[in-house]
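Undergrad: Add 153 to a position in the sequence shown, counting from 1, and you land on the number used in the working numbering.
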Amino acid sequence: MSTERKYKIAIIGSGFAGIGMGIKLLEAGIDDFVILERANEAGGTWRDNTYPGAACDVSSHLYSFSFEPNPNWNRMFSGQAEILKYLKHCVKKYGLEKHISFNSNVTGGKYKEDLGIWEIGIENDLPVECRFLINGMGPLNRPSVPDFIGLESFKGDAFHSSEWDHNVDLKGKKVAVIGTGASAIQVVPSIATEVEGLYLFQRTPAWIMPKPDRKMGKIEKWLFNKIPFVQKAYRSFIYGVNELTAFALVYQPKLIKLIQKVSIRNMKRQVKDVTLQEKLTPKYSMGCKRILLSNNYYPALNRDNVKVVTESIESITEKGILTTNKEDFNVDVIVFCTGFVAAEYPEHFKFYGRDGFELSEQWKNGPEAYLGTTVNGFPNFYFIIGPNTGLGHNSMVFMIESQINYILDSIKKVSVKKAKSIEVKNEVQKAFNDKVQNKLRGTIWNSGCASWYLGKNGKNTTIWPGFTFEFWSQSRKIDDSDYNWY
Ligand code: NAP
């Protein structure tokens with residue numbers, strides 16, 4: 154098919170990954186690129202997740218680009234609106250608007266080996282051609298709504314936390330929240346005061362730690378504005394403290410027992426009812442699922458209009474939720490805080506690489522890449538936040554920046570070598586993944602609980618099992634010998 158949409162580089166998604174990549178391309182003097190964004194505004198997960206209470210549980214001074222510090226963050230842990238504002242500021246400041254093609258929903262792609270060109274399908278639009286394709290979609294963009302019996306029969310309003318329906322007024326309504334993960338613990342305290350009744354359906358209690366959140370002081374902001382080094386030092390300090398968590402998670406699981414005690418003491422201080430305390434006590438090792446931070450979740454559960462339901466859900470009815478002990482919970486609204494499909498590659502999203510390799514087929518036993526970035530059989534194709542780059546303890550923006558740097562180095566080297574393409578060697582990718590999986594074997598993330606870190610076959614394809622500086626150090630530069638250059 155003929156096309157007029159030809160670029161050197163196409164990036165999928167305009168979240169932290171796409172925006173950061175675009176900025177670094179411009180800084181490197183490369184402006185022949187497009188960012189393909191399915192929505193009509195930038196921001197990725199911080200555009201989509203507008204649920205009440207949505208905020209980041211990594212401090213903003215670290216959860217932001219190292220090259221674009223914001224001395225004016227209002228809180229230690231910013232809310233969704235402020236983070237989205239920051240991302241839009243980055244788009245504007247670095248002149249990325251003209252590079253973003255909004256409403257461009259990528260459907261798949263095909264590598265034309267003879268030409269060294271990727272052809273990208275766009276829903277209801279002309280395809281895009283590019284030499285280098287960078288997938289910055291991120292793993293947390295496919296809401297998971299369990300296939301409950303009777304789901305379709307419910308007559309009230311129902312939506313997923315990441316697709317919050319702001320037209321539905323919750324005031325005075327009876328609301329069911331299903332799930333007790335990172336999103337739920339922010340939603341529940343934010344709506345508990347306005348709803349008439351809130352039933353929280355908990356399958357597994359989360360490990361929750363106090364959130365060291367506070368308003369940033371005027372003097373701090375002034376200092377950060379006037380002496381940028383102070384903010385840099387502050388960022389490094391937060392980074393260091395977070396890395397210590399990796400030490401416990403990966404190398405010293407016994408330390409986790411100590412942190413568990415702090416968590417339980419905190420819960421018991423905030424929840425007086427002994428039966429509720431028992432319901433909220435996790436029976437698995439901390440860190441196996443994401444460790445959550447909150448100061449207002451437990452207090453919200455003390456409220457008279459909030460009830461924690463631990464009986465399993467049997468079905469969804471016209472009027473609400475029926476549990477396995479045959480108790481009916483009639484509600485006006487159901488909110489699914491049931492997470493995302495993260496560990497499985499979307500089968501409908503077809504990318505055909507060299508020799509007709511197809512990505513979802515290649516990844517049928519779980520996604521695998523080299524340094525979470527390049528995949529054998531897929532020349533000139535990169536992932537940002539690809540397989541095994543997720544974190545349970547530190548800022549994803551650090552990982553994103555490391556990958557951006559690596560990709561940039563790769564694209565530059567292809568030019569220097571006057572090569573048509575670059576493709577990671579199969580044996581290099583395999584050796585890397587064997588190492589990652591071996592390391593994961595002894596860690597808390599693979600210690601037996603169910604989490605979105607694991608695929609259907611139990612393989613952990615999401616977590617980077619180590620310090621983030623180890624990832625940074627391995628991805629600082631392309632090692633020529635890891636790749637085939639055509
Ligand atoms: P999540 O942490 O995966 O939690 C999903 C919840 O739904 C769990 O409690 C799960 O129970 C429950 N659930 C799933 N299927 C169920 C079923 N059939 N019946 C009953 N309960 C069911 O999802 P999330 O809260 O959306 O968070 C996902 C990720 O998004 C986080 O881990 C984090 O990386 C990111 N996030 C980050 C922030 C932040 O502050 N930075 C905020 C929100 C989200 P089980 O535990 O029993 O499976």
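For each residue, glycine too, the CB sits at the ideal point set by N, CA and C. Note that the coordinates shown come from a computational prediction; the quantities given were computed from them, not determined experimentally.
Which full runs of the beta strand (DSSP E) of 3+ residues lie inside the stretch 318–406, going along the chain?
TA: Runs of the beta strand (DSSP E) inside the stretch 318–406: 327–331 and 350–354.
Undergrad: What residue range does the alpha helix (DSSP H) around Ser555 cover?
TA: From DSSP, the alpha helix (DSSP H) with Ser555 extends over Met549 to Val569.
Undergrad: In angstroms with no decimal places, state the Cα-to-Cα distance between Tyr264 and Ile270.
TA: Their backbone Cα atoms lie some 6 Å apart in a straight line.
Undergrad: Check this for me: beta carbons of Phe493 and Ser297, under 8 Å apart or not?
TA: Going by C-beta atoms, Phe493 is nearer than 8 Å to Ser297.
Undergrad: Judging by CA-CA distance, which residue of Lys442, Trp360, Ile553 and Lys566 is the nearest neighbour of Asn533?
TA: The option with the nearest alpha carbon to Asn533 is Lys566.
Undergrad: Could you please give the first and the last residue of the uninterrupted alpha helix (DSSP H) stretch that includes Ser217?
TA: Neither: Ser217 is in no alpha helix (DSSP H) and is coded neither H nor E.
Undergrad: What first and last residue would you give for the alpha helix (DSSP H) that runs through Asn591?
TA: Segment Asn579 to Arg594, the alpha helix (DSSP H) holding Asn591.
Undergrad: With hydrogens ignored, establish whether the beta-carbon of Ser217 is closer than 7 Å to any heavy atom of the ligand NAP.
TA: It does not: the Cβ of Ser217 is nowhere closer than 7 Å to a heavy atom of the ligand NAP.
Undergrad: Identify every residue that forms a DSSP beta bridge with Val486.
TA: Looking at the DSSP assignment, Val486 forms a beta bridge with Asp310 and Val328.
Undergrad: Would you call the CB atoms of Arg191 and Leu237 closer than 8 Å?
TA: Taking 8 Å as the Cβ cut-off, Arg191 and Leu237 do not qualify as a contacting pair.
Undergrad: Any chance the CB of Val461 is under 7 Å from a heavy atom of the ligand NAP?
TA: No, the ligand NAP has no heavy atom inside 7 Å of this Cβ.
Undergrad: Could you tell me how far apart the beta carbons of Met549 and Ile538 are, in whole angstroms, since I believe they sit closer than 8 Å?
TA: About 7 Å; that satisfies the 8 Å criterion.
Undergrad: Taking 7 Å as the cut-off, is the beta-carbon of Ala136 closer than that to any non-hydrogen atom of the ligand NAP?
TA: Given that the chain is displayed from residue 154 to residue 639, the structure contains no residue 136 and the question cannot be resolved.
Undergrad: Locate the alpha helix (DSSP H) running through Lys238, then write down its first and last residues.
TA: Taken as a continuous stretch (DSSP letters only), the alpha helix (DSSP H) holding Lys238 covers Gln233 to Lys246.
Undergrad: Return the residue from the list Asp562, Thr615 and Gly370 that minimises the CA-CA distance to Ile183.
TA: Closest option to Ile183, Cα to Cα, is Asp562.
Undergrad: Answer yes or no: do Ile487 and Phe169 have a C-beta to C-beta separation smaller than 8 Å?
TA: Going by C-beta atoms, Ile487 is not nearer than 8 Å to Phe169.
Undergrad: I'd like the list of long-range same chain contacts for Ala399, defined as Cβ closer than 6 Å, with 5 residues on each side in sequence excluded.
TA: Contacts found: His546 and Phe620.
Undergrad: Do the stretch 471–479 and the stretch 368–385 make contact, defined as three or more Cβ pairs closer than 8 Å?
TA: No contact exists between the stretch 471–479 and the stretch 368–385.
Undergrad: Going by alpha carbons, who is nearest to Met362 out of Ile380, Lys414, Phe585 and Lys379?
TA: The residue with the shortest Cα to Cα distance from Met362 is Lys414.
Undergrad: Check Thr198 in the structure and name its three-state DSSP category.
TA: Looking at Thr198 - three-state DSSP - the assignment turns out to be helix.
Undergrad: Measure the alpha-carbon distance for Met154 versus Gly325 and round it to whole angstroms.
TA: The predicted model places Met154 with a pLDDT of 47, which falls under 50 and marks its position as unreliable; any figure quoted below should be read in that light. Roughly 56 Å between the two C-alpha positions.
Undergrad: Would you mind sorting Tyr606 into buried or exposed? The rule is 16 or more other CB atoms within 10 Å of its CB.
TA: Per the 10 Å Cβ criterion, buried.
Undergrad: In this structure, does DSSP put Trp598 in helix, strand or coil?
TA: Looking at Trp598 - three-state DSSP - the assignment turns out to be helix.
Undergrad: Closer than 7 Å: is that where the CB of Arg200 sits relative to any heavy atom of the ligand NAP?
TA: Because no heavy atom of the ligand NAP lies under 7 Å away, the Cβ of Arg200 does not count as near it: no.
Undergrad: Verify the contact flag: Cys441, CB atom, against every heavy atom of the ligand NAP, threshold strictly below 7 Å.
TA: No - the ligand NAP has no heavy atom lying nearer than 7 Å to the Cβ of Cys441.
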